[in-house]
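Here's the structure, in structure tokens; my notes come after.
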Amino acid sequence: FNKKRLDATTLEELEDLLIMSDLGVEVSRRVCDRLSAQKYDKEISAEEVQAALAEEVSGILEAVAKPLEINPGNHPHVILMVGVNGSGKTTTIGKMAKQFQNDGKSVMLAAGDTFRAAAIEQLQVWGERNNVPVISGKVGGDAAGLAFDAVKQAKEQNIDVLLIDTAGRLQNKDYLMEELAKIVRVIKKHDETAPHDTILVLDATTGQNAIMQAEVFQKVANVTGLVMTKLDGTARGGVLVACAEKFALPIHAIGVGESIDDLQPFNADEFSRMLVGLES
Amino acid sequence: MFDSLSDKLGGIFDKLKRSGALKEADVSAALREVRIALLEADVALPVVKDFVEKVREKAVGQEVLKSVTPGQMVIKIVNDNLVEMLGGEGKTIDLAAAAPVPILMVGLQGSGKTTSTAKIAKRLQEKEKKKVLMASLDVRRPAAMEQLQILGEQTGVATLPIIAGQMPVDIAKRAMTAAKLQGFDVVMLDTAGRLHVDQSLMAEVVAIRNAVNPHETLLVADALTGQDAVNVAQQFSDQVGLTGVVLTRMDGDGRGGAALSMRAVTGKPIKLVGVGEKIDDLEEFHPERVASRILGM
Ligand SMILES: Nc1nc2c(ncn2[C@@H]2O[C@H](COP(=O)(O)OP(=O)(O)OP(=O)(O)O)[C@@H](O)[C@H]2O)c(=O)[nH]1
Ligand SMILES: Nc1nc2c(ncn2[C@@H]2O[C@H](COP(=O)(O)OP(=O)(O)OP(=O)(O)O)[C@@H](O)[C@H]2O)c(=O)[nH]1
Ligand SMILES: [K+]
Ligand SMILES: [Mg+2]
Ligand SMILES: [Mg+2]
Numbered sequence: 007f008n009k010k011r012l013d014a015t016t017l018e019e020l021e022d023l024l025i026m027s028d029l030g031v032e033v034s035r036r037v038c039d040r041l042s043a044q045k046y047d048k049e050i051s052a053e054e055v056q057a058a059l060a061e062e063v064s065g066i067l068e069a070v071a072k073p074l075e076i077n078p079g080n081h082p083h084v085i086l087m088v089g090v091n092g093s094g095k096t097t098t099i100g101k102m103a104k105q106f107q108n109d110g111k112s113v114m115l116a117a118g119d120t121f122r123a124a125a126i127e128q129l130q131v132w133g134e135r136n137n138v139p140v141i142s143g144k145v146g147g148d149a150a151g152l153a154f155d156a157v158k159q160a161k162e163q164n165i166d167v168l169l170i171d172t173a174g175r176l177q178n179k180d181y182l183m184e185e186l187a188k189i190v191r192v193i194k195k196h197d198e199t200a201p202h203d204t205i206l207v208l209d210a211t212t213g214q215n216a217i218m219q220a221e222v223f224q225k226v227a228n229v230t231g232l233v234m235t236k237l238d239g240t241a242r243g244g245v246l247v248a249c250a251e252k253f254a255l256p257i258h259a260i261g262v263g264e265s266i267d268d269l270q271p272f273n274a275d276e277f278s279r280m281l282v283g284l285e286s
Numbered sequence: 038m039f040d041s042l043s044d045k046l047g048g049i050f051d052k053l054k055r056s057g058a059l060k061e062a063d064v065s066a067a068l069r070e071v072r073i074a075l076l077e078a079d080v081a082l083p084v085v086k087d088f089v090e091k092v093r094e095k096a097v098g099q100e101v102l103k104s105v106t107p108g109q110m111v112i113k114i115v116n117d118n119l120v121e122m123l124g125g126e127g128k129t130i131d132l133a134a135a136a137p138v139p140i141l142m143v144g145l146q147g148s149g150k151t152t153s154t155a156k157i158a159k160r161l162q163e164k165e166k167k168k169v170l171m172a173s174l175d176v177r178r179p180a181a182m183e184q185l186q187i188l189g190e191q192t193g194v195a196t197l198p199i200i201a202g203q204m205p206v207d208i209a210k211r212a213m214t215a216a217k218l219q220g221f222d223v224v225m226l227d228t229a230g231r232l233h234v235d236q237s238l239m240a241e242v243v244a245i246r247n248a249v250n251p252h253e254t255l256l257v258a259d260a261l262t263g264q265d266a267v268n269v270a271q272q273f274s275d276q277v278g279l280t281g282v283v284l285t286r287m288d289g290d291g292r293g294g295a296a297l298s299m300r301a302v303t304g305k306p307i308k309l310v311g312v313g314e315k316i317d318d319l320e321e322f323h324p325e326r327v328a329s330r331i332l333g334m
């Protein structure tokens, strides 16, 4: 009934919709071009058009939707959390700790943010909530040294998963990125294959800068996967589409709140439907 | 990643000039590039659309078409309008009210409220010689109160003693009473991060506002924010009422288009900008610097 032709005006509206979801101008245009190639001038309802758009987006994200897997051969499996300030690293560690424990793994946390006020205390609260040990050092201490000690203790205590928190850092600050590179190097002194996962935490409210975050953190710290937080708001997180195209980095999970259970697996279909404004 | 707008417009007009006189359609082509540049700088789409219309009115028919360097002319018009929309300078924190003057800090999770609270408090204390009390009303984030307390110790700014279990509105009232009794000039109230769509938390911040009647209510927002800036600014503005914006993480390599979005949507000035994690990394807002940055120049 409510069908109309997919014409230039409608396509422009769709492109706007994608832009407002933070896909960026280029990617939005490309996605719309592909849609147009299939459906141009066809009779199509508003709902069908959105679904088709979601399918286009989902097609890009499908390949990178990969849950984080713990390799039981690693003693411990070391996970390093990195990202810009305030993106949700510490909270995500707290949430992940619970999931790993639910899978029957023993977990240890390391307070590698020795800089920010009360960062150590914050992680300690997450340790208490999970009832897992938290390795911490002095405020203002050497983060790489702390990471080294944590891996050592996790080994000694036969821990399955060690989650290492780091201070937030903007990717354009070379000295802070060098500090991160040093943390990685020092961890490798224990185990050449560690960190087994280096997760970049992206905030869904961030715009196009997230692409640069992915690029630089991958270069400096060899990021192996992404988590996107704060998807419980109105931000749609469309930069993930550009990141998927550019870097093909696995997307492991999404944060949908501040509580311990607010971490969900990344589902390309659901994410894409939300992104175009369809209920999932 | 970005080509400068200047280069792009130069390219367009050079081509056009070789093919003869400039027409209104040529200005439209240029404005399409302006639109893309603003979007790439993360200015929110509805704001971009309004802005481009405004620039179109000024550009069409007049100087641009007659200009020998039409690309530069468009850029000048765009730049001047950006600066105008970003607002004049010198609109910093207003303390013209009966002491103790309450300042309420609000915003999304992780935007930089607690850090900015301490930065502003230190600035008021050192530059304006005010006696400042800081209080954390964040009963949710782990160690949020300790964070502000530590920042107080680092900066030499007094913090309200922590009473475990007290609720935000009560903490706010206690802060005001303590400040009155102890002769503080300013009370800075740091709040928990909240989403603008979280009804109960938005109601909480409204209750805090009603309890203390803040002289300044500052939205603390991340300069790296993308298209969501309009929703955030609109909702905080409508529901809580704002007097200004503090833009954090301007030390990042983002273009900072959120500045324009926030300003356009709230109609309120950007009072200060955060340019680093350290306590002294706080600056006044310079519209012309931000304009050039948004335009990639
Ligand atoms: N709504 C919402 N809030 C979140 C989510 N993840 C984290 N947060 C909140 O975001 C804020 C910042 O989170 P943190 O975990 O401290 O972020 P961080 O990256 O460790 O920050 P720094 O260490 O300061 O760089 C806190 O208030 C968290 O509760 C999420 O998925 N949704
Ligand atoms: N680079 C940079 N980092 C900043 C700036 N302002 C704050 N930060 C950092 O951003 C992170 C979050 O800051 P907070 O002050 O804890 O943010 P918040 O809004 O209080 O967070 P919640 O209380 O969890 O909502 C911390 O790592 C700060 O050091 C800034 O201007 N530049
Ligand atoms: K952010
Ligand atoms: Mg942290
Ligand atoms: Mg805070």
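Protein chains in written order, with the numbering used here: chain A, 7 to 286; chain B, 38 to 334. For glycine and all other residues, C-beta sits at the position ideal for the given N, C-alpha and C. Note that the coordinates shown come from a computational prediction; the quantities given were computed from them, not determined experimentally.
Starting from S329 (chain B), trace the alpha helix (DSSP H) both ways and give me its first and last residue. Residue numbering aside, residue 329 (chain B) sits at position 292 when the second sequence is read from its first letter. Run containing S329 (chain B): P324 to I331, per the alpha helix (DSSP H) assignment.
To the nearest angstrom, how far is the alpha carbon of P271 (chain A) from that of A180 (chain B)? Sequence index remark: in the first sequence, residue 271 (chain A) carries index 265 (1-based). Sequence index remark: in the second sequence, residue 180 (chain B) carries index 143 (1-based). Between P271 (chain A) and A180 (chain B), the C-alpha separation is close to 27 Å.
Apply the 10 Å Cβ neighbour rule to E325 (chain B) and answer buried if 16 or more other Cβ atoms are within range, or exposed otherwise. Mapped onto the second sequence, residue 325 (chain B) falls at position 288. By the neighbour-count rule (16 or more Cβ atoms within 10 Å), E325 (chain B) is not buried but exposed.
Can you list, in chain order, the residues of its chain with a C-beta nearer than 7 Å to that of Q184 (chain B)? Leave out the 5 residues immediately preceding and following it. By one-based count along the second sequence, residue 184 (chain B) stands at place 147. The answer, listed in chain order, is T151.
Three-way DSSP call (helix, strand, coil) for V143 (chain B) in this model: On the second sequence, position 106 is the one that residue 143 (chain B) refers to. In the structure shown, V143 (chain B) sits in a strand (DSSP, three-state: E or B).
So, is D166 (chain A) buried or exposed, given that buried needs 16 or more other C-beta atoms within 10 angstroms? On the first sequence, residue 166 (chain A) is found 160 positions in, with the first residue counted as 1. So D166 (chain A) counts as buried.
Under 8 Å from the C-beta of V37 (chain A): neighbouring residues of chain B: Indexing the first sequence from 1 puts residue 37 (chain A) at position 31. In chain order: nothing, as chain B lies at least about 15 Å away.
Does at least one heavy atom of ligand 2 sit under 7 Å from the Cβ of N91 (chain A)? Numbered from its first residue, the first sequence carries residue 91 (chain A) at position 85. Yes, since a heavy atom of ligand 2 falls inside the 7 Å radius drawn around the Cβ of N91 (chain A).
Count the CB pairs spanning the segment 285–297 of chain B and the segment 75–90 of chain B that are closer than 8 Å, and state whether there are at least three. yes
For G118 (chain A) and I170 (chain A), which I take to be in contact (beta-carbon distance under 8 Å), what is that distance rounded to the nearest angstrom? The residue you call residue 118 (chain A) lines up with position 112 of the first sequence. The residue you call residue 170 (chain A) lines up with position 164 of the first sequence. Right, their Cβ atoms sit about 5 Å apart.
Report yes if the C-beta of A125 (chain A) is less than 7 Å from at least one heavy atom of ligand 4; otherwise report no. On the first sequence, residue 125 (chain A) is found 119 positions in, with the first residue counted as 1. Within the cutoff, so yes.
Output needed for V282 (chain A): all residues of its chain with C-beta closer than 6 Å, excluding positions within five of it in sequence on either side, in chain order. Numbered from its first residue, the first sequence carries residue 282 (chain A) at position 276. Same-chain partners within the cutoff: Q56, L59 and A60.
Segments assigned alpha helix (DSSP H), at least 4 residues, entirely inside the segment 155–233 of chain B: 181–192 and 205–219
Considering only their Cβ atoms, is the gap separating D275 (chain B) from A229 (chain B) smaller than 8 Å? What you label residue 229 (chain B) is simply residue 192 of the second sequence in a count that begins at 1. What you label residue 275 (chain B) is simply residue 238 of the second sequence in a count that begins at 1. Their beta carbons are not under 8 Å apart, which means A229 (chain B) does not touch D275 (chain B) by this criterion.
G151 (chain A) lies in the alpha helix (DSSP H); which residues open and close that run? Within the first sequence, numbered from 1, the residue matching residue 151 (chain A) stands at position 145. Residues A149 to E162.
Identified DSSP bridge partners for L33 (chain A): Along the first sequence, one-based indexing puts residue 33 (chain A) at 27. In the sequence under discussion, the amino acid at residue 33 (chain A) is Val, which differs from the Leu named in the question. For V33 (chain A), which the question treats as bridged, DSSP gives no partner whatsoever.
Take K48 (chain A) as the anchor and find which of A:E198, A:V190, A:D13 and A:G143 has the nearest alpha-carbon. Here residue 48 (chain A) refers to the residue found at position 42 when the first sequence is read from its first residue. Nearest option by C-alpha distance: A:D13.
Tell me the residue span of the alpha helix (DSSP H) that contains P107 (chain B). Counting from 1 along the second sequence, the entry for residue 107 (chain B) is found at position 70. Unbroken alpha helix (DSSP H) run through P107 (chain B): P107 to L123.
Just checking: is the beta-carbon of S148 (chain B) within a distance shorter than 8 Å of some beta-carbon in chain A? Counting from one through the second sequence, the residue named residue 148 (chain B) turns up at place 111. At least one chain A Cβ lies under 8 Å of S148 (chain B).
Taking only heavy atoms of ligand 5 into account, decide whether any of them is closer than 7 Å to the Cβ of K95 (chain A). Within the first sequence, residue 95 (chain A) is the residue found at index 89, counting from 1. Flag unset: Cβ of K95 (chain A) not near ligand 5.
I want to check one thing, is the minimum distance from the CB of E134 (chain A) to the heavy atoms of ligand 1 below 7 Å? For the purposes of this step, residue 134 (chain A) is taken as residue 128 along the first sequence, with counting starting at 1. No.
Return the chain-ordered list of same chain residues with a C-beta closer than 7 Å to the C-beta of F39 (chain B), the five sequence neighbours on each side being excluded. Position 2 of the second sequence holds residue 39 (chain B). Caution is warranted here: a pLDDT of 47 is assigned to F39 (chain B), below 50, making its placement in the model unreliable, and no coordinate value can be reported.
Compute the minimum distance between the beta carbon of R178 (chain B) and the heavy atoms of ligand 5, and state whether it is under 7 Å. Working through the second sequence from its first residue, we reach residue 178 (chain B) at position 141. Under cutoff, so the answer is yes.
Any idea what DSSP makes of D267 (chain A), helix, strand or coil? Against the first sequence, residue 267 (chain A) aligns to sequence position 261. If DSSP states are grouped into helix, strand and coil, D267 (chain A) belongs with coil.
Could you pull out every residue in the same chain whose Cβ sits closer than 6 Å to the Cβ of M183 (chain A), ignoring the five residues on either side in sequence? For this step, residue 183 (chain A) is matched to residue 177 along the first sequence. Same-chain partners within the cutoff: V226.
Closest Cα partner of Q224 (chain A) within the set A:D275, A:V157 and A:L86: Residue numbering aside, residue 224 (chain A) sits at position 218 when the first sequence is read from its first letter. Of the listed residues, the one whose Cα sits closest to Q224 (chain A) is A:L86.
Spell out the partners DSSP gives K10 (chain A) in its beta bridges. The residue given as residue 10 (chain A) occupies position 4 in the first sequence. Paired residues: A:I50.
How would you label G193 (chain B), buried or exposed, when you count the other beta carbons within 10 angstroms and need 16 or more for buried? Position 156 of the second sequence, counted from the start, is the residue given in the question as residue 193 (chain B). Answer is exposed; the Cβ neighbour count stays below 16.
Taking Cβ to Cβ, would you say G281 (chain B) is nearer than 8 Å to L261 (chain B)? Taking the second sequence and counting its residues from 1, the one referred to as residue 281 (chain B) is at position 244. Taking the second sequence and counting its residues from 1, the one referred to as residue 261 (chain B) is at position 224. Cβ atoms of G281 (chain B) and L261 (chain B): not closer than 8 Å.
Shortest alpha-carbon distance to Q355 (chain A) belongs to which of A:A187, A:L186, A:D148 and A:D267? This structure gives no information on residue 355 (chain A), because the portion of chain A shown stretches from 7 to 286.
Interface residues of chain B facing V131 (chain A) [CB-CB closer than 7 Å]: Translated into the one-based positions of the first sequence, residue 131 (chain A) becomes position 125. The answer, in chain order, is P179 and A180.
Close beta carbons around A4 (chain A), own chain, < 7 Å, minus the five adjacent residues each side: With chain A running from 7 to 286 in the structure shown, residue 4 (chain A) is simply not present.
So, does the CB of G239 (chain A) fall closer than 8 Å to a CB anywhere in chain B? Looking up residue 239 (chain A) in the first sequence gives position 233. Judged by the 8 Å Cβ criterion, G239 (chain A) is in contact with chain B.
Determine, for T262 (chain B), whether the minimum Cβ-Cβ distance to residues of chain A falls below 8 Å. Position 225 of the second sequence, counting from 1, holds the residue named residue 262 (chain B). By this cut-off, T262 (chain B) is an interface position.
Where A133 (chain B) falls, given that 16 or more other Cβ within 10 Å makes a residue buried: As a working note, residue 133 (chain B) is residue 96 in the second sequence. A133 (chain B) should be labelled exposed.
Chain B beta carbons: is any one of them nearer than 8 Å to that of D268 (chain A)? If you number the first sequence from 1, residue 268 (chain A) lands on position 262. For D268 (chain A), the answer is no, since every Cβ of chain B falls outside 8 Å of its Cβ.
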